[in-house]
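Protein sequence lines, in the order shown, are assigned to chains D and W.
Numbering (the numbering used here) for the first sequence: 1112 to 1550.
Numbering (the numbering used here) for the second sequence: 26 to 317.
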Amino acid sequence: MESKNTASFDKLREFREQVERPGTIFYIWIVFLVLLILWGLYALYVQITQGHIVTGMRDNVVWGIYIVNFIFFMGISYAGALVSGTLHLFRTSWRKPVIRMAEFITIIALFIGPLYILLCIGRLDRLPYLILFGRIQSPITWDVIAISTDIIGCVIFLYLSVLRDIAALRDFKELKISRWRKKLYSWLALGYTGTPEQQRRLNNATDIMAVMVIAIAIIVYSVLAWIFSVTLQPGWRSTIFGPYFVIAAVFSGTAVLVIAMWIFRKIYKLEKYLTRKHFVNIGILMLILAAFFGYFTFSEYLTKWYGSQINDELLIGLLMDKYFWMFIFANYIGVLMPLIVVGVPRFRTINMITITAVVVVIALWLNRYLIVIPTLESPYIPIQDARIDWVSYSGTWVEWALSIAGVAAFCLAFTVGSRFIPIIPVSEEKEKKKRQEIL
Amino acid sequence: MKKILTYTLLVILTGTLFSQALFAQDDEPGDIYMEFSTWKYNDMSRSLITTITSDNDDGEYFVKGLPVQFMLTDGEETIHLGEAISDANGIAEMNIHEGTIDYPKDEEGYIYFTARFEGSDQYWEAEEELMVKDVVVSISFEKDGEDKMVLFEGVILGVDEEWPLADDDFYFYVPRMFSDMKIADGWFEEDGTGYIDFPTTVIGDSTGNVLVIARLEEHYDYGNVEVSAMINWASPKQLIAAEKPSRELWTPVAPLWMIITLIIMLAGVWGHYFYAIFQLIMIKRSKKKEIK
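Given below as structure tokens:
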């Protein structure tokens, strides 16, 4: 039984090219990403066979780039959840072209981020002990529970969001795709035909899940922050780490969303759907978050510096010496650039906002690096053996290869996902006026 | 003329390809620093230990994988004792069991050890010498009423004679979790004997046994000497079982408030998930109703 939504088919005709057989450039891009991933897998093989000695992690600096990547990917997943959930709940008129990308970012980042934890663990054979002998008092246990709950919640939310489009793809006879994809769409569509009862149920479920993904994402990222802040380590022990991490997460995720919007706008020629208005609106969100992020960062470092505790002084000294330029880029340029570019109307162009987003992504990655590594390099308890390669950390080619492979996997999943589901929602629905009210 | 010039140029170019001067200069070998020490134990065995370090722009580091030859000399000939390879901590260690070798000594009783690294492409050769006197130290335990004492005696072994080990410090330890804990300082009297009062506050195992370790440390004449013996004089370690299981941050059972909070949160979240899944099931069922 087909859905009666012919308006969807009109839109689908526009996006046929995206969903049907891709061109040569697509395959070249896929091969390039696969090669990067294979390089990462080789690095993983080296790490497994030779041990973690091939990384820069040692007895003192026990966390490195893997943890930074974990925090980064979890952060951008949260932003995706927050943006898609909030835009959905508020029924903002301009949300549709953006919401699907945000949902994709959430799901893909949620799957890639935790992989970095597995790379960080030296004895993976002991991983089941986390479940068999896990202590509820441990922030690690909270994190495992929170992330797994978040993944399931976001998958359900994404599925609810794309259900109408899947049904439209199922019914669109003009679509030239392989039989197994048609069967897949048919199975995933769950028999959705857009009847009033089905629409009501779908809207209810989507509204509920939109609230849940926002709440869960806040909890997940706060728990992640608490893994650091419940320790006594100077640089981590902070009462504001929870909201600080949440703000930083949304900030970085918003920037990734802008970059994704720019890329897909170019590739699939979505100028009609992703207009300057969308970039400016997301840019304003980025500006607000930049201000909050700057405020939290300032508050963090001011209180540390003012307290003049020796361990805090050690950390700040390290940041101002060895990590000075990284600190400036992460906490000044990453904050000021969105404020200037988006704040000054003259600079609010699509390209400038996108360049700003790229700078923000790099700055926020560096911010996470500065949170993890310099803190471990300025130990709370004096260490007996102070050999240089134990005190200082620098990432090795193995870690960088796996980091790049993670980014490549993210891009690959995004690219492949956009081939299955149109990146712009195609299905239409009549929304009653009462749904416009805020919950 | 053109041909002559061309061929000449070719010859010069070919020659320069194989010229030594064109290859990057090999790095000069680096210097290494050897610390050489010796330990003598209860069972009369002796360890020869070298710690090898080098330095670069980043600072000092331990050198791994260097073969170190250990030798003994009696002034006339050199006896090769063996070889050890330095480990990740730069330590090359060789153990000599009792009776394996008859140490040649000079008139004052000194034994001469040498540790030598022959050199490699990366590092210059290095050699360290050590001269120590052979000593035998023993400890024993004596109880006089409530007083517990650890008696000790030291003897320096010469070529054909022995002397008392006199006027030197002798330190006593018991093993603890991370390192040894000092319990007393002893002193060798002129006759080579001494004693310490065994402290009453030492805690041993569950039956009161404790290992008492006594050392001459980094002595300029004797090197390092360590003897140890077990004695049942320590306070037994009692594990105090809790009367009832307590719920703390560090106990196997979590605090009640934490468990309740977690259950409420998870129930709330998963309840909503099940509601959404239920809606999807109903969507699927409504399709079947339509068909009927």
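Just so it is clear, CB atoms sit at the ideal spot from N, CA and C, and this is done for glycine as well.
All values derive from a computational prediction rather than experimental measurement.
| message | Give me the chain W residues within the contact set of residue 1382 of chain D, using Cβ-Cβ distance strictly less than 8 angstroms, ordered along the chain. | response | Against the first sequence, residue 1382 of chain D aligns to sequence position 271. Here the premise fails: no neighbours, minimum Cβ distance about 35 angstroms.
| message | Could you give the first and the last residue of the continuous beta strand (DSSP E) run that contains residue 244 of chain W? | response | Residue mapping note: residue 244 of chain W aligns to position 219 of the second sequence, counting from 1. It spans 235–244 - the beta strand (DSSP E) in which residue 244 of chain W sits, taken as one unbroken run.
| task | Determine, using beta carbons only, whether residue 183 of chain W and residue 134 of chain W come nearer to each other than 7 angstroms. | result | On the second sequence, residue 183 of chain W is found 158 positions in, with the first residue counted as 1. On the second sequence, residue 134 of chain W is found 109 positions in, with the first residue counted as 1. Yes. Within cutoff.
| task | Reducing DSSP to helix, strand and coil, say where residue 93 of chain W ends up. | result | On the second sequence, residue 93 of chain W is found 68 positions in, with the first residue counted as 1. Residue 93 of chain W sits in a strand when the DSSP states are folded into three classes.
| task | Could you tell me the distance, in whole angstroms, from the CA atom of residue 1215 of chain D to the CA atom of residue 1528 of chain D? | result | In the first sequence, the residue the question calls residue 1215 of chain D occupies position 104. In the first sequence, the residue the question calls residue 1528 of chain D occupies position 417. Cα to Cα, the separation comes out at about 8 angstroms.
| query | Would you say the beta carbon of residue 275 of chain W comes nearer than 6 angstroms to a heavy atom of the ligand ZN? | reply | The ligand ZN is not among the ligands present in this structure, which contains no ligands whatsoever.
| In the segment 277–292 of chain W, which residues sit with their C-beta less than 8 angstroms from some C-beta in chain D, listed in chain order? | Against chain D - using a Cβ distance shorter than 8 angstroms - the residues of the segment 277–292 of chain W are 277, 279, 280, 283, 284, 287, 290, 291.
| query | Hey, is the segment 1200–1213 of chain D in contact with the segment 1251–1261 of chain D, meaning 3+ C-beta pairs nearer than 8 angstroms? | reply | Contact fails: fewer than three Cβ-Cβ distances are below 8 angstroms.
| task | With DSSP collapsed to three states, give me the class of residue 49 of chain W. | result | The residue given as residue 49 of chain W occupies position 24 in the second sequence. At residue 49 of chain W, the pLDDT of 47 sits below 50, so the modelled position is not reliable; the number obtained from the coordinates is stated separately. In the structure shown, the three-state DSSP call for residue 49 of chain W is coil.
| field | residue 1478 of chain D, buried or exposed, once every other Cβ within 10 Å from all chains shown has been counted against 16 | value | For the purposes of this step, residue 1478 of chain D is taken as the residue at position 367 of the first sequence. Its Cβ being crowded by 16 or more others within 10 Å, residue 1478 of chain D is buried.
| When the distance is taken between beta carbons, is residue 1347 of chain D closer than 7 angstroms to residue 1465 of chain D? | Numbered from 1 along the first sequence, position 354 holds the residue referred to as residue 1465 of chain D. Numbered from 1 along the first sequence, position 236 holds the residue referred to as residue 1347 of chain D. Cβ distance not < 7 angstroms, so residue 1465 of chain D and residue 1347 of chain D don't count as in contact.
| task | Note down, in chain order, each residue of its chain lying with its Cβ closer than 8 angstroms to the Cβ of residue 1370 of chain D, except the 5 sequence neighbours on either side. | result | Counting from 1 along the first sequence, the entry for residue 1370 of chain D is found at position 259. Excluding residues within five positions, the ones whose Cβ falls inside 8 angstroms are 1465, 1468, 1469, 1472.
| message | Just checking: is the beta-carbon of residue 294 of chain W within a distance shorter than 7 angstroms of some beta-carbon in chain D? | response | Along the second sequence, one-based indexing puts residue 294 of chain W at 269. Closer than 7 angstroms to some Cβ of chain D, the Cβ of residue 294 of chain W qualifies, so yes.
| field | Nearest-angstrom Cα separation, counted from residue 91 of chain W out to residue 116 of chain W | value | As a first step, residue 116 of chain W is located in the second sequence; it is residue number 91 there, counting from the start. As a first step, residue 91 of chain W is located in the second sequence; it is residue number 66 there, counting from the start. Cα to Cα, residue 116 of chain W sits roughly 9 angstroms from residue 91 of chain W.
| Using the beta-carbon of each residue, which ones in chain D are nearer than 8 angstroms to residue 116 of chain W? | As a working mapping, residue 116 of chain W is identified with position 91 in the second sequence. Chain order gives no chain D residues near residue 116 of chain W, where near means a beta carbon separation below 8 angstroms; the closest approach is about 13 angstroms.
| said: Is there a Cβ of chain W sitting closer than 7 angstroms to that of residue 1319 of chain D, yes or no? | reply: Here residue 1319 of chain D corresponds to residue number 208 of the first sequence, with the count starting at 1. Residue 1319 of chain D counts as touching chain W.
| task | Please list, in chain order, all residues of the same chain as residue 281 of chain W whose beta carbon is under 8 angstroms from its beta carbon, the five residues on each side excluded. | result | Along the second sequence, one-based indexing puts residue 281 of chain W at 256. Around residue 281 of chain W: 272.
| message | Within the continuous alpha helix (DSSP H) that includes residue 1103 of chain D, where are the two ends? | response | Absent from the structure is residue 1103 of chain D, since the part of chain D shown begins at 1112 and ends at 1550.
| said: Please report the straight-line C-alpha distance between residue 10 of chain W and residue 136 of chain W, rounded to a whole angstrom. | reply: Residue 10 of chain W lies beyond the residue range present for chain W, which begins at 26 and ends at 317; the question has no answer from this structure.
| 7 angstroms Cβ cutoff, residue 334 of chain W in contact with chain D | This structure does not reach residue 334 of chain W, given that chain W is present from 26 up to 317, and the question cannot be answered.
| Cross-chain neighbours of residue 206 of chain W in chain D, by beta carbon under 7 angstroms | Translated into positions along the second sequence, residue 206 of chain W becomes position 181. Listed along chain D, no residue sits closer than 7 angstroms to residue 206 of chain W by beta-carbon distance, the nearest being about 16 angstroms off.
| message | I'd like to check one pair, residue 1177 of chain D with residue 1123 of chain D: are the Cβ atoms closer than 7 angstroms? | response | Taking the first residue of the first sequence as 1, we reach residue 1123 of chain D at position 12. Taking the first residue of the first sequence as 1, we reach residue 1177 of chain D at position 66. No. Outside cutoff.
| said: Quick check: what's the CA-CA separation for residue 1518 of chain D versus residue 1510 of chain D? | reply: In the first sequence, counting from the first residue as 1, residue 1518 of chain D sits at position 407. In the first sequence, counting from the first residue as 1, residue 1510 of chain D sits at position 399. Near 13 angstroms, if we compare the C-alpha coordinates of residue 1510 of chain D and residue 1518 of chain D.
| Listed in chain order, which residues of the segment 1274–1303 of chain D have Cβ atoms closer than 7 angstroms to some Cβ of chain W? | For the segment 1274–1303 of chain D, the beta-carbon criterion of a distance under 7 angstroms to any beta-carbon of chain W is satisfied by 1301, 1302, 1303.
| request: Go through its chain and collect everything with a Cβ distance to residue 1381 of chain D's Cβ below 8 angstroms, but skip five positions before and after it. | output: Within the first sequence, residue 1381 of chain D is the residue found at index 270, counting from 1. Once the five neighbours on either side are set aside, the close Cβ partners of residue 1381 of chain D are 1208, 1375, 1534, 1535.
| message | Distance check for residue 237 of chain W and residue 1226 of chain D, CA to CA, integer angstroms please. | response | As a position in the first sequence, residue 1226 of chain D is number 115, starting the count at 1. As a position in the second sequence, residue 237 of chain W is number 212, starting the count at 1. Rounded to whole angstroms, residue 1226 of chain D to residue 237 of chain W spans 50 angstroms at the Cα level.
| query | Given residue 1481 of chain D, which residues of its chain have a CB within under 7 angstroms of its CB, disregarding the five upstream and five downstream residues? | reply | Within the first sequence, residue 1481 of chain D is the residue found at index 370, counting from 1. Closer than 7 angstroms at Cβ, skipping near neighbours: 1430, 1434, 1437, 1438, 1441.
| task | Assign residue 311 of chain W to one of three DSSP states: helix, strand, or coil. | result | By 1-based counting over the second sequence, the position of residue 311 of chain W is 286. The answer is helix: DSSP assigns residue 311 of chain W an H, G or I state.
| message | Which of the three DSSP states is assigned to residue 1264 of chain D in this structure? | response | To locate residue 1264 of chain D, count along the first sequence from 1; it is residue 153. Note: residue 1264 of chain D maps to helix in three-state DSSP.
| field | Residues in the segment 1157–1187 of chain D having any Cβ partner in chain W nearer than 7 angstroms | value | Using a CB distance below 7 angstroms, no part of the segment 1157–1187 of chain D faces chain W.
| message | My output table needs one value for residue 1153 of chain D: the three-state DSSP class, helix, strand or coil. | response | Working through the first sequence from its first residue, we reach residue 1153 of chain D at position 42. In the structure shown, the three-state DSSP call for residue 1153 of chain D is helix.
| Distance between beta carbons of residue 1328 of chain D and residue 1192 of chain D, contact taken as under 8 angstroms | Numbered from its first residue, the first sequence carries residue 1192 of chain D at position 81. Numbered from its first residue, the first sequence carries residue 1328 of chain D at position 217. Right, their Cβ atoms sit about 4 angstroms apart.
| query | Between residue 47 of chain W and chain D, is there a C-beta pair that is closer than 7 angstroms? | reply | Here the question's residue 47 of chain W lines up with position 22 in the second sequence. Confidence in residue 47 of chain W is poor, its pLDDT being 46 and thus under 50, which makes the residue's placement unreliable; the coordinate value appears in the next sentence. No, because no Cβ of chain D sits closer than 7 angstroms to the Cβ of residue 47 of chain W.
| field | Proximity to residue 1405 of chain D [Cα-Cα], best of D:1281, D:1450, D:1320, D:1463 | value | The residue labelled residue 1405 of chain D in the question sits at position 294 within the first sequence. Nearest to residue 1405 of chain D by alpha-carbon distance, out of D:1281, D:1450, D:1320, D:1463, is D:1450.
| field | Same chain, Cβ closer than 8 angstroms to residue 1423 of chain D, neighbours up to 5 away in sequence not counted | value | Taking the first residue of the first sequence as position 1, residue 1423 of chain D is located at position 312. For residue 1423 of chain D, where only same-chain residues beyond five positions count, the Cβ hits under 8 angstroms are 1345, 1346, 1415, 1416.
| Does residue 1267 of chain D get closer than 7 angstroms to chain W when you measure Cβ to Cβ? | The sequence position of residue 1267 of chain D within the first sequence is 156, counting from 1. So yes, residue 1267 of chain D belongs to the interface.
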